[in-house]
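Numbering (the working numbering), first residue to last: -13 to 165.
Cβ atoms here follow ideal geometry from the backbone N, Cα and C, with glycine treated the same way.
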């Protein structure tokens, strides 16, 4: 018998695979695929590192925010990797080989949760708290990053939702901790 979390993922996979299949077929259209790939690459690290590095110029106490943002990002990555390597949910394009189009190479074979989405939501919440005037840029980018993960066949919708919930939680923890 399979471990209980994997049984839950089996049920979710069956429930979500048709949606993933439909969404990833949209990435066969070159302009949309390039948009998703660009958003995905931006979500890898460049946008968030630039956001952290720019804190001294974006706000008073900005130098202090560099430490806050960096600490919570490192903590989030550690917890994310622990969860991802313990639950081992395969990516949709692996589980449904040929049925779900993969629009970009994956770093590993596991999908749960979405780290890109976790960081996008986490930094969006921190931006909302400290530099809300950046939200018109950060919110659409974060949404596009989340959509790109499903659209490129790298994640299920539930992976993205879980990543968003984790990012929200980490941001709230950071705001509470750093007060």
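Taking the beta carbon of residue i as the centre, do at least 16 other beta carbons fall within 10 Å, making it buried, or is it exposed?
i	result
residue 152	buried
residue 135	buried
residue 55	buried
residue 1	exposed
residue 93	exposed
residue 91	exposed
residue 14	exposed
Among the options, which one has its Cα closest to the Cα of residue i?
i	options	result
residue 104	14, 130, 72, 50	130
residue 30	154, 132, 145	132
residue 108	47, 156, 115	156
residue 145	58, 69, 49, 119	69
residue 73	159, 158, 148	148
For a test of the three-state rule: what should DSSP assign to residue i, helix, strand or coil?
i	result
residue 142	coil
residue 76	strand
residue 96	strand
residue 117	coil
residue 14	coil
residue 2	helix
residue 84	coil
residue 155	helix
With residue i and residue j assumed to form a contact (beta carbons below 8 Å), what rounded beta-carbon distance in angstroms separates them?
i	j	result
residue 141	residue 110	No, residue 141 and residue 110 are not in contact; Cβ-Cβ is about 18 Å, not under 8 Å.
residue 89	residue 10	7 Å
residue 71	residue -1	The pair is not a contact, with the Cβ atoms about 19 Å apart (cut-off 8 Å).
residue 102	residue 26	7 Å
residue 85	residue 3	7 Å
Would you say the beta carbon of residue i comes nearer than 7 Å to a heavy atom of the ligand NAD?
i	result
residue 9	This structure simply doesn't include the ligand NAD, nor any ligand for that matter.
What residue ranges within the segment 40 to 65 form continuous alpha helix (DSSP H) runs of no fewer than 4 residues, ordered along the chain? 41 to 44
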